[in-house]
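UniProt numbering numbers the first residue of the sequence shown as 1 and each following residue consecutively.
All residues carry an ideal CB built from backbone N, CA and C; glycine is no exception.
As the structure is a prediction and not an experimental result, all values here were calculated from the model.
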Amino acid sequence: MFSENLKTLRKQKGFSQEELATRLHVVRQTISKWEKNLSVPDADTLIRLAEILEVSVSELLGTKIENENVASDVAEQLSRINEQLAIKNRRSRRIWKIVAIILAVIVLVNIFIAVFFSVPDLNSNTQNNQPAISDETISIDE
């Protein structure tokens, strides 16, 4: 019972064997031996283990603890992952829209600048290109 309960509770709390061993100040292999029912912890370690796993010692040693919420835990984790992906996709689409708008503005500004500065000033060009007419060059035959 103890070995199965230990493994179930450890996984429910999200601890690896290494993490649990670190908290108990033992090596990972010790946790592995307990879970394989090859050895058992002493009384003091058992009390610390129960505190870390947030259960009573009798519960840890007692009847088998069912992994009651495996399906709901998996569904909850999948739901969280799905939510995170949806948020990431929304951010990604938003970023691409902003990039597209910025590029469109840059293109429009460049077109405006090209058109505005390439069109000759009609008033100054027509005045400068017309031949000057003076009174002396015009002769009127009477």
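Check                                                                                                                                                       : Outcome
Under 8 Å between the Cβ atoms of Gln12 and Ile31?                                                                                                          : no
Give the C-beta separation of residue 154 and Leu49 to the nearest angstrom, bearing in mind that I take them to be a contact with Cβ-Cβ under 8 Å.         : With the chain represented from 1 up to 142, any question about residue 154 goes unanswered, as that position is not in the structure.
Going by DSSP, what residue range makes up the alpha helix (DSSP H) through Lys13?                                                                          : 2-13
Are Trp34 and Ser3 touching if we call contact CB-CB under 8 Å?                                                                                             : yes
Val99 by DSSP, collapsed to three states: which one?                                                                                                        : helix
Since Leu6 contacts Leu60 with CB under 8 Å, what's their CB separation in whole angstroms?                                                                 : 7 Å
If you count every other CB in all the chains shown that lies within 10 Å of the CB of Arg94, and 16 or more means buried, which is it?                     : exposed
For Gly62 and Asp44, I'd like the C-alpha separation in whole angstroms.                                                                                    : 17 Å
Let's see if you can read the secondary structure: which residues bound the alpha helix (DSSP H) around Val57?                                              : 57-61
Could you give the DSSP three-state label for Asn82: helix, strand or coil?                                                                                 : helix
With H, G and I counted as helix, E and B as strand and the rest as coil, what does DSSP make of Lys88?                                                     : helix
Can you tell me whether Leu38 is buried or exposed? The criterion is at least 16 other CB atoms within 10 Å of its CB, across all chains shown.             : exposed
Using only CA atoms, which one of Leu20, Met1, Thr22, Val27 lies nearest to Lys36?                                                                          : Met1
Report all residues from its chain with a CB closer than 8 Å to the CB of Ile47; omit the five preceding and five following residues, and keep chain order. : Val57
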